[in-house]
Amino acid sequence: MVIIGFAQKSTKVLPNIFCKKFRHCAVIVRVGAEFTLYQFISHGHIEKIILRARDIKMLQQHGWCFVYVPCDLPRNFPRKYWTCVNMAKNAIKMRAPFIQTPDALYRAIAE
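Residue numbers for the sequence shown follow the numbering used here, beginning at 18 and rising by one.
If you want it as structure tokens, here you go:
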């Protein structure tokens, strides 16, 4: 199972201009009792952050929204991506070229 987390805040300039509600997304995968969050930093730079269930609850308290997608990660994940949305679409094996913002991705998978 893959969890896509959506944040309302971002430090990047372009998401703050073009995105309405959600400005960032991240991929979270459960590994045993822990979670691994793949945080997109910049092109080709993705950080792996180890989380516990308590950390997920803290993210929810700070405005993050989570969508659970029943699929497995591709074998070549993570690789070099241009945006956080491209990373999330690749994680859930979604082929939708016109989805380019976290808002659009949320609307597409939350239905």
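All C-beta atoms, glycine included, are put in the ideal place defined by N, C-alpha and C. None of the values given here were measured: they were computed from a predicted structure.
Is the beta carbon of residue j closer than 7 Å to that of residue i?
i	j	result
I109	V19	yes
I67	E51	yes
V48	A105	no
Using a Cβ-Cβ cutoff of less than 6 Å, which residues in the same chain neighbour residue i once the five nearest sequence positions on both sides are dropped?
i	result
G61	K97
F83	I20, G22
What is the DSSP secondary structure of residue i, reduced to helix, strand or coil?
i	result
I126	helix
I73	helix
Q78	helix
A24	strand
K106	helix
A113	coil
A121	helix
C42	strand
Could you give the C-beta distance for residue i and residue j, rounded to a whole number, given that I count them as a contact under 8 Å?
i	j	result
W81	F23	7 Å
Going by beta carbon distance, what residues of the same chain come within less than 7 Å of residue i, once the five residues before and after it are set aside?
i	result
L90	V19, V46, A108
K38	Q25, D120
Query raised in the report: Using 8 Å as the threshold, is the region 82-100 in touch with the region 55-63, meaning 3 or more CB pairs across them?
Result: Output reads yes: the region 55-63 touches the region 82-100.
Query raised in the report: How do the region 101-118 and the region 70-82 stand: do at least 3 beta-carbon pairs fall below 8 Å, yes or no?
Result: At 8 Å Cβ cutoff, the stretches do not touch.
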